[in-house]
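Okay, structure first, notes after.
Numbering (the working numbering), first residue to last: 356 to 639.
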């Protein structure tokens, strides 16, 4: 298990590995394009080369791309829906150029169509994204906090989407999952102690399969269990608490799952502090 954080790629993706190393990351996550909208900056051959060289130079074992926030595979607006499909496919291709391991995304909202149809539309959208894709970067569904009609807030829903996609020839085992501790907690999955962590990941294994769990966002939660509010907090200062994170770090079946912080960045030392907490737990 390795630890890292979401890192700014402002000024060029090639700058992210050094910034990651500066706060103590062993792996890192970044946006390859503006998260709120806009065209993706072109990746030049020189940038791609420098990014890869800097990952080695600054000892970053893996890198991950977070898709933009505006993705919605269940929108009735075709510009939004097909635009989302196109953007995620682009991010997978960009990730492949850079040698990134994963691209993770939320699936969007079923507000326009209802839960059942939203799940079907999300699965159909993922099929379109992955059909013909030959790159090395893997697609991950990120569990959501379940606010409003957001798709993918339960293990059952994620499992159904994966099952629907994998019925298509050539798409077997193409989808992984990005867990998020804050989102899962907000969706009603308890993570506050050893017993709760065991119960939650046993259920994940039963419904989705732990072999699909590729990485996790590691965030405490400002709000309580099952409140469906996506508000990240520093480790130990939220409702999950340090005991929960210690339990996850030392869970025997999560040893190969890397953790990425998306905790607040109120000052430059916040990532350092949160990463040191995780590293201390790993040493126990």
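Just so you know, even glycine gets a beta-carbon here, dropped at the ideal spot from N, CA and C.
For residue i, count neighbouring Cβ atoms within 10 angstroms of its own Cβ and tell me buried if that reaches 16, exposed if not.
i           : result
residue 377 : exposed
residue 566 : exposed
residue 550 : exposed
residue 611 : exposed
residue 372 : buried
residue 557 : exposed
residue 359 : buried
residue 418 : buried
residue 602 : buried
residue 434 : exposed
residue 412 : exposed
Output the boundary residues of the beta strand (DSSP E) element that contains residue i.
i           : result
residue 573 : 568-573
residue 614 : 613-616
residue 480 : Careful: residue 480 lies outside any beta strand (DSSP E), inside the alpha helix (DSSP H) at 470-485.
residue 496 : 493-497
residue 360 : 358-361
Distance check for residue j and residue i, CA to CA, integer angstroms please.
i           : j           : result
residue 467 : residue 516 : 18 Å
residue 544 : residue 636 : 22 Å
residue 592 : residue 598 : 11 Å
residue 620 : residue 386 : 16 Å
residue 502 : residue 407 : 37 Å
residue 404 : residue 366 : 16 Å
residue 609 : residue 431 : 38 Å
residue 444 : residue 379 : 31 Å
residue 399 : residue 529 : 28 Å
residue 446 : residue 489 : 13 Å
residue 524 : residue 494 : 17 Å
residue 384 : residue 391 : 17 Å
residue 548 : residue 581 : 16 Å
residue 486 : residue 595 : 39 Å
residue 555 : residue 514 : 15 Å
Do residue j and residue i come within 8 Å of each other at the CB atom, strictly closer than that value?
i           : j           : result
residue 356 : residue 532 : no
residue 585 : residue 500 : yes
residue 542 : residue 498 : yes
residue 570 : residue 588 : no
residue 415 : residue 375 : yes
residue 422 : residue 473 : no
residue 617 : residue 574 : yes
residue 583 : residue 536 : no
residue 409 : residue 381 : no
residue 496 : residue 526 : no
residue 451 : residue 492 : yes
At what residues does the alpha helix (DSSP H) containing residue i begin and finish?
i           : result
residue 604 : 597-604
residue 462 : Counting along the chain, residue 462 falls outside any alpha helix (DSSP H), and DSSP gives it neither H nor E.
residue 636 : 625-637
residue 373 : 371-377
Could you check whether the Cβ of residue i sits closer than 8 Å to any Cβ belonging to chain B?
i           : result
residue 623 : In the structure shown, chain B cannot be found, because there is only a single protein chain.
Can we count residue i as close to the ligand GTP, meaning its CB is less than 7 Å from some heavy atom?
i           : result
residue 453 : Judged by which ligands are present, the structure shown has none, so any question about the ligand GTP falls away.
Which whole runs of the beta strand (DSSP E) in the region 515-599 are 3 residues long or more, in chain order? 530-535 and 568-573
Residue ranges of each alpha helix (DSSP H) within the region 389-468, 4 or longer: Fully enclosed alpha helix (DSSP H) runs of 4 or longer: 400-412 and 433-453.
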